[in-house]
Amino acid sequence: MAYPEVVIVKQASITRHYTFNIKLKNITRLCHTKSIVTVNGKFPGPRVVAREGDRLVVKVVNHVPYNISIYWHGIRHLRSGWADGHHTSRNAPFKPASLMCTTSPLLANKALSSGIPASHGLEQLFMDHLSSSQGAVNLTREWFNVDPEAVINQSLQTGGGPNVLDAYTFNGLPDTYKMKVKPGKTYLLRLINAALNDELFFSIANHSFTVVEADAVYVKPFETNILMITPEQTTNVLLKTKSEAPNATFFMLARPYATSMGTFDNTTVAGILEYETSSLTGSKNHPLLKPGLSAINATNFVANFASKFRSLATTKLPANVPQKVDRKKFFTVGLETSPCPNNQTCQGPNGTKFAAAMNNISFALPTTALLQSYFFSQSNRVYTVDFPPFPLHPFNYTGTPPNNTLVSNGTKLMTILFNTSVEGFGNFDPENDPPKFNLVDPIERNTIGVPSGGWVTIRFMADNPGFWLMHCHFDVHLSWGLRMAWIVLDGKLPNQKLPPPPSDLPKC
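Just add 5 to wherever you are in the sequence shown, counting from 1, and you've got my numbering.
Here you go:
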């Protein structure tokens, strides 16, 4: 297969200004009306347009009666910790009736698309690069007739799994999503899994995709009939339509991939791909064709699909894989339990409460923002830096769980020196597996799926000073404590140091 030559257009960077008014808005779906948090009153959220290398200045005004935070997921920007993060776990939140400007420099060395500025409870915004390519944005998300915060809070209180969603949606629409196309054209589809708790398959009947980008990084193109996207992952694909308008319309379907015993919504969301036609009758009488989707637990397909992702690794877009590793970490991630409080009935395994942990440590949210505590040397009784570099109690990590599944709770962090090359994750053979690592063109992603009962190895360069979370993107697992944090220490040069906080930074 011939790979395309990708050229990044160089131009003078500019500063772009946006205003986010965080507002409540009544939305009706499935015959239920509820109030949701929106940006500028839009659902889905507004589009933010920028070029690589630009500087974004965003004024955030909180008009809702509770705290919110802005989290720029998938956007690579250095020395920006004050403008990016979950509240308390990194920064203080935007309080009701508060205003703050966030500044984000966007790096000019990667493809930039499909980034999601988001907040827990806010509907996602879509960040796009300027491009002549025409395409469609498909955000597959969950819809709850009740407040999703209430769903999570109930789960935390009872100790059981969360109630399942009421429906999946394409682009949050109340009715069937339709995408009209012309014959003989190639469309760029930007696909985002904006669901809270579900990995999703996606397919269009009688059509195939050419995958060209994942998490804002160009990949070696490959073809597939079915996609699988984990929560907050993005995938850009080319869809080539048929040369002539067929006498049919085509279902677009998405449904979950699940391997655990927990509850999930085993339903399918449907949209329609419709060819534009000059016929007076249009496509009303055309048959509606349905695609084949993988089985709910099609782990072999998922593993094979994931193995196809490779970075371009060209001269213009090299794969900068750390060849030398300075520090190795061994992390286990999974679900565990915590004791049921006295005088309470809990719905977790054997009357306990569900918990989640990394190396048996379930992360406890602090009441003081961690980045501020670190910068102003006020970490005493806020966090400790003794997160274990390996599991404290060894067992068969991908086999039968141990009898004792109780977690330890704590706000434990790990420090690493600037420009340290880190390798982590895995239950693998340290003798035979490392020689098999792909150090030539591995995929570069901001979100990676760890297979159930399996392992993944990642390497990264610690070149962004500050405080950075590593966490699960299943919202319920995150709420149960499946996260830890790295403190990346300052480097020696001025541009390798965390700058002071802005004057309008919210206070805890």
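All C-beta atoms in this analysis are idealised placements derived from N, C-alpha and C, irrespective of residue type, glycine included.
Beta-carbon proximity of T452 to H478, cut-off 8 Å: In the sequence shown, counting from the first residue as 1, residue 452 sits at position 447. In the sequence shown, counting from the first residue as 1, residue 478 sits at position 473. Yes, they are a contact pair.
By how many angstroms is the C-alpha of L205 removed from the C-alpha of M233? Mapped onto the sequence shown, residue 233 falls at position 228. Mapped onto the sequence shown, residue 205 falls at position 200. When rounded, the distance between both Cα atoms is 6 Å.
Could you give the distance in angstroms between the alpha-carbon of R488 and the alpha-carbon of V455? Indexing the sequence shown from 1 puts residue 488 at position 483. Indexing the sequence shown from 1 puts residue 455 at position 450. Those two C-alpha atoms are separated by around 14 Å.
Candidates L340, L243 and D180, of which the one nearest T191 by Cα: For the purposes of this step, residue 191 is taken as residue 186 along the sequence shown, with counting starting at 1. Of the listed residues, the one whose Cα sits closest to T191 is L243.
Would you kindly check if the distance between the Cβ of F310 and the Cβ of T229 is under 8 Å? What you label residue 229 is simply residue 224 of the sequence shown in a count that begins at 1. What you label residue 310 is simply residue 305 of the sequence shown in a count that begins at 1. It is a contact, given that the beta carbons lie within the stated cut-off.
Bounding residues of the beta strand (DSSP E) (the contiguous stretch that carries V274): If you number the sequence shown from 1, residue 274 lands on position 269. Per DSSP, V274 belongs to the beta strand (DSSP E) from V274 to Y280.
Could you check how far apart the C-beta atoms of G46 and K28 are, in whole angstroms? I think they sit under 8 Å. One-based indexing of the sequence shown puts residue 46 at position 41. One-based indexing of the sequence shown puts residue 28 at position 23. Yes, G46 and K28 are in contact; Cβ-Cβ is about 5 Å, under 8 Å.
Under a three-way DSSP split, which group does A490 fall into? Against the sequence shown, residue 490 aligns to sequence position 485. Residue state, collapsed to three classes: strand.
Simplified DSSP assignment, three categories, for V224: To locate residue 224, count along the sequence shown from 1; it is residue 219. If DSSP states are grouped into helix, strand and coil, V224 belongs with the strands.
Are the CB atoms of L494 and L422 within a distance shorter than 8 Å? As a working note, residue 422 is residue 417 in the sequence shown. As a working note, residue 494 is residue 489 in the sequence shown. Contact flag set, yes.
Whose C-alpha, out of V222, Y388, L510 and F335, is nearest the C-alpha of W460? Numbered from its first residue, the sequence shown carries residue 460 at position 455. Among V222, Y388, L510 and F335, the Cα nearest to that of W460 belongs to F335.
Which partner residues does S413 have in the DSSP bridge list? Taking the first residue of the sequence shown as position 1, residue 413 is located at position 408. DSSP lists I366 as partners of S413.
Within 10 angstroms of the Cβ of C523, are there 16 or more other Cβ atoms? Answer buried if so, exposed if not. Because the chain here runs from 6 to 513, residue 523 falls outside it and cannot be looked at.
Hey, could you find the ends of the beta strand (DSSP E) P261 is sitting in? As a position in the sequence shown, residue 261 is number 256, starting the count at 1. Segment T254 to Y262, the beta strand (DSSP E) holding P261.
Grouping DSSP H, G and I as helix and E and B as strand, with all else coil, what is S160? The count along the sequence shown starts at 1 and reaches residue 160 at position 155. Residue state, collapsed to three classes: helix.
What is the DSSP secondary structure of L130, reduced to helix, strand or coil? Position 125 of the sequence shown, counting from 1, holds the residue named residue 130. Confidence is the limiting factor: at L130 the pLDDT is only 45, short of 50, which leaves the residue's position unreliable, though a coordinate-based value still follows. The answer is coil: DSSP assigns L130 none of H, G, I, E or B.
Can at least three beta-carbon pairs, one atom from the region 212 to 231 and one from the region 165 to 172, be found at a separation below 8 Å? no
Pairwise C-alpha distance: K417 and T145: As a first step, residue 145 is located in the sequence shown; it is residue number 140 there, counting from the start. As a first step, residue 417 is located in the sequence shown; it is residue number 412 there, counting from the start. Each residue's alpha carbon lies about 34 Å from the other.
Using the Cβ count rule (16 or more neighbours within 10 Å means buried), how would you classify Q159? As a working note, residue 159 is residue 154 in the sequence shown. With fewer than 16 Cβ atoms within 10 Å of its Cβ, Q159 is classed as exposed.
Report the rounded CA-to-CA distance for N26 versus T372, giving the unit in angstroms. On the sequence shown, position 21 is the one that residue 26 refers to. On the sequence shown, position 367 is the one that residue 372 refers to. If I take the Cα positions, the gap works out to 26 Å.
Can you pull the DSSP bridge partners for S343? In the sequence shown, residue 343 corresponds to position 338, counting from 1. Partner(s): K358.
Note down, one range per segment and in chain order, each beta strand (DSSP E) of at least 3 residues found wholly within the region 143 to 217. 172 to 175, 182 to 186, 191 to 198 and 204 to 209
Do you know how far the Cα of S283 is from the Cα of F255? Along the sequence shown, one-based indexing puts residue 255 at 250. Along the sequence shown, one-based indexing puts residue 283 at 278. Roughly 18 Å between the two C-alpha positions.
Is H82 helix, strand or coil when you go by DSSP? Numbered from 1 along the sequence shown, position 77 holds the residue referred to as residue 82. Coil, per DSSP.
So the beta strand (DSSP E) H482 belongs to, where does it begin and stop? Here residue 482 refers to the residue found at position 477 when the sequence shown is read from its first residue. Counting along the chain, H482 falls outside any beta strand (DSSP E), though it belongs to the alpha helix (DSSP H) covering D480 to S484.
Contact under 8 Å by Cβ, S343 with A360: Here residue 343 refers to the residue found at position 338 when the sequence shown is read from its first residue. Here residue 360 refers to the residue found at position 355 when the sequence shown is read from its first residue. In contact: S343 and A360 (Cβ atoms closer than 8 Å).
Anticipated Cβ contact below 8 Å, I80 with A219, distance rounded: Within the sequence shown, residue 80 is the residue found at index 75, counting from 1. Within the sequence shown, residue 219 is the residue found at index 214, counting from 1. So it is not a contact: roughly 15 Å between Cβ atoms.
Start-to-end residues for the alpha helix (DSSP H) that takes in N241: Locating residue 241 in the sequence shown gives position 236, counting from the first residue. Taken as a continuous stretch (DSSP letters only), N241 belongs to no alpha helix (DSSP H), being part of the beta strand (DSSP E) at T239 to K245.
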